[in-house]
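4 protein chains.
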Amino acid sequence: MTSSSRPGLPPAEVAPAGRPHTGRQRSEAARSAILNAALELLGDSGSAGLTIDAIAATAGVGKQTIYRWWPSKGAVVLEAMTERAGIEAPVPDCGSVTEDLTSFLAATFRNASKSSVSRKLRFVMAEAQHDPQTAEVLGEFTAERRNSLRVILERGQARNELSKAADVDLLIDQAFGFLWYRMLVGHAPLTRRMAKALAEGLVRQALVR
Amino acid sequence: MTSSSRPGLPPAEVAPAGRPHTGRQRSEAARSAILNAALELLGDSGSAGLTIDAIAATAGVGKQTIYRWWPSKGAVVLEAMTERAGIEAPVPDCGSVTEDLTSFLAATFRNASKSSVSRKLRFVMAEAQHDPQTAEVLGEFTAERRNSLRVILERGQARNELSKAADVDLLIDQAFGFLWYRMLVGHAPLTRRMAKALAEGLVRQALVR
Amino acid sequence: MTSSSRPGLPPAEVAPAGRPHTGRQRSEAARSAILNAALELLGDSGSAGLTIDAIAATAGVGKQTIYRWWPSKGAVVLEAMTERAGIEAPVPDCGSVTEDLTSFLAATFRNASKSSVSRKLRFVMAEAQHDPQTAEVLGEFTAERRNSLRVILERGQARNELSKAADVDLLIDQAFGFLWYRMLVGHAPLTRRMAKALAEGLVRQALVR
Amino acid sequence: MTSSSRPGLPPAEVAPAGRPHTGRQRSEAARSAILNAALELLGDSGSAGLTIDAIAATAGVGKQTIYRWWPSKGAVVLEAMTERAGIEAPVPDCGSVTEDLTSFLAATFRNASKSSVSRKLRFVMAEAQHDPQTAEVLGEFTAERRNSLRVILERGQARNELSKAADVDLLIDQAFGFLWYRMLVGHAPLTRRMAKALAEGLVRQALVR
DNA sequence: CCCTAAACGAGACGGTACGTCCGGTCTTAAT
DNA sequence: ATTAAGACCGGACGTACCGTCTCGTTTAGGG
Numbered sequence: 001m002t003s004s005s006r007p008g009l010p011p012a013e014v015a016p017a018g019r020p021h022t023g024r025q026r027s028e029a030a031r032s033a034i035l036n037a038a039l040e041l042l043g044d045s046g047s048a049g050l051t052i053d054a055i056a057a058t059a060g061v062g063k064q065t066i067y068r069w070w071p072s073k074g075a076v077v078l079e080a081m082t083e084r085a086g087i088e089a090p091v092p093d094c095g096s097v098t099e100d101l102t103s104f105l106a107a108t109f110r111n112a113s114k115s116s117v118s119r120k121l122r123f124v125m126a127e128a129q130h131d132p133q134t135a136e137v138l139g140e141f142t143a144e145r146r147n148s149l150r151v152i153l154e155r156g157q158a159r160n161e162l163s164k165a166a167d168v169d170l171l172i173d174q175a176f177g178f179l180w181y182r183m184l185v186g187h188a189p190l191t192r193r194m195a196k197a198l199a200e201g202l203v204r205q206a207l208v209r
Numbered sequence: 210m211t212s213s214s215r216p217g218l219p220p221a222e223v224a225p226a227g228r229p230h231t232g233r234q235r236s237e238a239a240r241s242a243i244l245n246a247a248l249e250l251l252g253d254s255g256s257a258g259l260t261i262d263a264i265a266a267t268a269g270v271g272k273q274t275i276y277r278w279w280p281s282k283g284a285v286v287l288e289a290m291t292e293r294a295g296i297e298a299p300v301p302d303c304g305s306v307t308e309d310l311t312s313f314l315a316a317t318f319r320n321a322s323k324s325s326v327s328r329k330l331r332f333v334m335a336e337a338q339h340d341p342q343t344a345e346v347l348g349e350f351t352a353e354r355r356n357s358l359r360v361i362l363e364r365g366q367a368r369n370e371l372s373k374a375a376d377v378d379l380l381i382d383q384a385f386g387f388l389w390y391r392m393l394v395g396h397a398p399l400t401r402r403m404a405k406a407l408a409e410g411l412v413r414q415a416l417v418r
Numbered sequence: 419m420t421s422s423s424r425p426g427l428p429p430a431e432v433a434p435a436g437r438p439h440t441g442r443q444r445s446e447a448a449r450s451a452i453l454n455a456a457l458e459l460l461g462d463s464g465s466a467g468l469t470i471d472a473i474a475a476t477a478g479v480g481k482q483t484i485y486r487w488w489p490s491k492g493a494v495v496l497e498a499m500t501e502r503a504g505i506e507a508p509v510p511d512c513g514s515v516t517e518d519l520t521s522f523l524a525a526t527f528r529n530a531s532k533s534s535v536s537r538k539l540r541f542v543m544a545e546a547q548h549d550p551q552t553a554e555v556l557g558e559f560t561a562e563r564r565n566s567l568r569v570i571l572e573r574g575q576a577r578n579e580l581s582k583a584a585d586v587d588l589l590i591d592q593a594f595g596f597l598w599y600r601m602l603v604g605h606a607p608l609t610r611r612m613a614k615a616l617a618e619g620l621v622r623q624a625l626v627r
Numbered sequence: 628m629t630s631s632s633r634p635g636l637p638p639a640e641v642a643p644a645g646r647p648h649t650g651r652q653r654s655e656a657a658r659s660a661i662l663n664a665a666l667e668l669l670g671d672s673g674s675a676g677l678t679i680d681a682i683a684a685t686a687g688v689g690k691q692t693i694y695r696w697w698p699s700k701g702a703v704v705l706e707a708m709t710e711r712a713g714i715e716a717p718v719p720d721c722g723s724v725t726e727d728l729t730s731f732l733a734a735t736f737r738n739a740s741k742s743s744v745s746r747k748l749r750f751v752m753a754e755a756q757h758d759p760q761t762a763e764v765l766g767e768f769t770a771e772r773r774n775s776l777r778v779i780l781e782r783g784q785a786r787n788e789l790s791k792a793a794d795v796d797l798l799i800d801q802a803f804g805f806l807w808y809r810m811l812v813g814h815a816p817l818t819r820r821m822a823k824a825l826a827e828g829l830v831r832q833a834l835v836r
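Residue numbers (the numbering used here), protein chains in the order written: chain A, 1 to 209; chain B, 210 to 418; chain C, 419 to 627; chain D, 628 to 836.
In structure tokens form, the structure reads like this:
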């Protein structure tokens, strides 16, 4: 998420330039206290206990200051996560699709199997199911993640490792679907071994025949 | 969910046979009014508006009667769904894995793309993220669904259509993962075409080589 | 309270004699278990905690068995008290009004200053304020107590110790009013000394002039 | 009850002056709507029907706003009564104790025999029996009332109409005891004639001999 | 010895109110 | 204009009791 798309920027940057900005400016201290508080509370007690009141109290901030800059709890958490938690696995380039894919998925799985990270992702996903605004932010986040994977797979096609006919979106959604499904249901772990097997499976599906 | 695992059966069926059961028996009318109310409310207004108070009022039932037999809202909805909504696709047997798989996934996708069904599933999944009791019921539900798929895939292995070495659980979680991921994030549809492509991809991934 | 006015006698004694009575008879064990339970609970936890459910559970009795024989909680407690607690001071005859009155009031005060007794009386009085049935039973109880005092005072008038013109009901209500007021508000104790002073005051008020 | 002892004043007036008070101030509109609602409900339906929910609904107020400022239903009613109902008879000064006393008691009885007032007093007394916080407020209220009467009686002693040796508290509790006893049990009325007789009786008890 | 009737322990039922929590809005005084 | 503080209305939560209503069982006459 780029700085300019961050929710809740002060109106000054949006104003029609006639009136440049008047009054007190947004407090960066408040902003970061809020993000910290959200992460901390979500770490401590899990989704319960993460209330707007609690965030405000923990951050030493008025509730209005939260509502002024974020549309919903989910947005706060997601912004906190993406900014702080280093949740976004980098796109590697090892020379082969299988290796790239394995490396990317392994990094992603490792992250997601940290309970602190998983707790946050699961929370945001749950919020998104009844809060359209969280759904939108989550939509942007997941789209970005899918793009990373698309880069890898399309490079594979370009190198002629994977069939041009392969449906890349199908592969992507299998990969992230697998990840989220295990995270959300919790019936099986997200190990490095699973990442490797999944990567190989996906490549086998899309191999040039 | 079999009748005997239904939550909240009267103690008689559970008691160690010493004391056979005394007192008034569970009212089937109340039970079914509650399930109906839950489905109706979830259909009308989506997850918001599905409150215990509303269910009780709609069903003409005391709140305690709900709490007596179900641990949580999610459990009510899930039981209502599994009992009423015919959500469970049957395990077909067409002679070939690809056909079986395609048919199974197509039926499942068709179901899940009905907004009435999807709304309920998404609601239960969201609930499960902060309510352990819903998580447990959802766990049972998803385990059953995975078993259906496992039957198909293991039949494929038995018929030597699929490699014995294939990791069946990996395939299963790719399939259901794909389904849930698209349902929950909503970035792409669940069409019959996707079901077919997914089925073929999974088979190709597990083919005897 | 005489035996025949005890609430909840079996209909047999009321039936029009055509059909004498058939079926199981009232269980004395249940009756006394209920009264015991009421006293015990009121002793333990004070008015809170004295619920019909609790009485039934403590007595090992179905709730219906309580509702069958008593119209209200207050009635149970009052019957328990009058039957068990020996709450009714006897009417003494010492030869002089002042002595009789002092003795009667002292006995009454001593009783009422036992917290176990006072708790019960205060409970019944509170109940009576919003439950007409308790109010009625309490009315009977207090009427009886007033009659005891009336006997003493009218004997005083007969002996020419007190003026025939004295308003006996006024004196009685001053005495019991004093008692209840201190019991209910709790701002001052009910000592033997107070009983004596009160008795003397009342006698002085009603002396033949 | 003076304004400064009114329960639930904003912390500002209580705070140690370090932080002068910040945030929205207590809404006088809400406060008075609550008191009105309490009186109205108690007038309409008697103690039943006077629930916190009903008060909040009638006053158009959140329940929390009630709980924020009053410890209990009884406290609300008592504050409403003392503030609105003009329940406190003034201390007259007619020149003679008997006249003062008669006038005071007659006014008090007239008030208490209005069913609207009596209903409220009886309600508060009943509440006080199982709610310590109501008991406390009621204690303050009755203490104040006793003080009014004490002023009259001590003036009588000062003027040498009443014996210096008379136990003033004994007389006071006979008077208010009489009042409350008849109000609570309801076996006899509180007429002007009774007020006069009571006043004369009490004076006769305490006359200089 | 059965038959009918009533009382029993148990406990589920529809309701009402409770007191708490939280959401989202608003009003202060201060910066 | 924004901030921390905090009161406001609204509404869902889960619990506790209420008084009623079945249940199956037990205990009495009366035929």
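Yeah, the Cβ is synthetic: ideal placement off N, Cα and C, and Gly gets one too.
So what does DSSP say about residue i, is it helix, strand or coil?
i                 : result
LEU50 of chain A  : coil
GLY441 of chain C : coil
PRO132 of chain A : helix
ILE87 of chain A  : coil
ASP93 of chain A  : coil
ARG192 of chain A : helix
GLY271 of chain B : coil
GLY395 of chain B : coil
TRP69 of chain A  : helix
ASP585 of chain C : coil
Alpha carbon to alpha carbon, how far is residue i from residue j?
i                 : j                 : result
GLU506 of chain C : LEU811 of chain D : 20 Å
VAL621 of chain C : GLN592 of chain C : 12 Å
THR260 of chain B : LEU121 of chain A : 25 Å
LEU132 of chain A : MET290 of chain B : Contrary to the premise, residue 132 of chain A reads as Pro rather than Leu in this sequence. Approximately 24 Å between the Cα atoms of the pair.
ALA59 of chain A  : ARG24 of chain A  : 20 Å
SER581 of chain C : PHE731 of chain D : 26 Å
ARG564 of chain C : HIS230 of chain B : 51 Å
ASP462 of chain C : ALA456 of chain C : 10 Å
THR2 of chain A   : GLN205 of chain A : Per-residue confidence for THR2 of chain A stands at a pLDDT of 33, beneath the threshold of 50, marking its modelled position as unreliable; no derived number is given.
In terms of DSSP beta bridges, what is residue i paired with?
i                 : result
LEU625 of chain C : C:LEU580
Counting only C-beta atoms, is residue i closer than 7 Å to chain D at any point?
i                 : result
ASP585 of chain C : yes
VAL479 of chain C : no
TYR599 of chain C : yes
ARG444 of chain C : no
For residue i, would you say it is in contact with chain B, using Cβ-to-Cβ distances shorter than 7 Å as the test?
i                 : result
ARG204 of chain A : yes
SER72 of chain A  : no
VAL117 of chain A : no
LEU149 of chain A : no
LEU153 of chain A : no
ALA197 of chain A : yes
Counting contacts by CB-CB distance shorter than 7 Å, is residue i in contact with chain C?
i                 : result
ARG731 of chain D : What sits at residue 731 of chain D in the sequence shown is Phe, not Arg. No - not a single Cβ of chain C is within 7 Å of the one on PHE731 of chain D.
PHE736 of chain D : no
ALA707 of chain D : no
ARG820 of chain D : no
Does any CB atom of chain A fall closer than 7 Å to the CB of residue i?
i                 : result
SER256 of chain B : yes
THR351 of chain B : yes
SER214 of chain B : Low confidence applies here, because SER214 of chain B scores a pLDDT of 38, under 50, leaving its location unreliable; read the following figure in that light. It does not; no Cβ of chain A falls within 7 Å.
Following a CB-centred definition, is residue i positioned closer than 6 Å to any heavy atom of the ligand MG?
i                 : result
ASP100 of chain A : The ligand MG is not part of the structure shown, which contains no ligands of any sort.
inquiry  = I'd like the ranges of any alpha helix (DSSP H) spanning at least 4 consecutive residues and lying wholly in the region 520-550 of chain C.
reply    = 533-546
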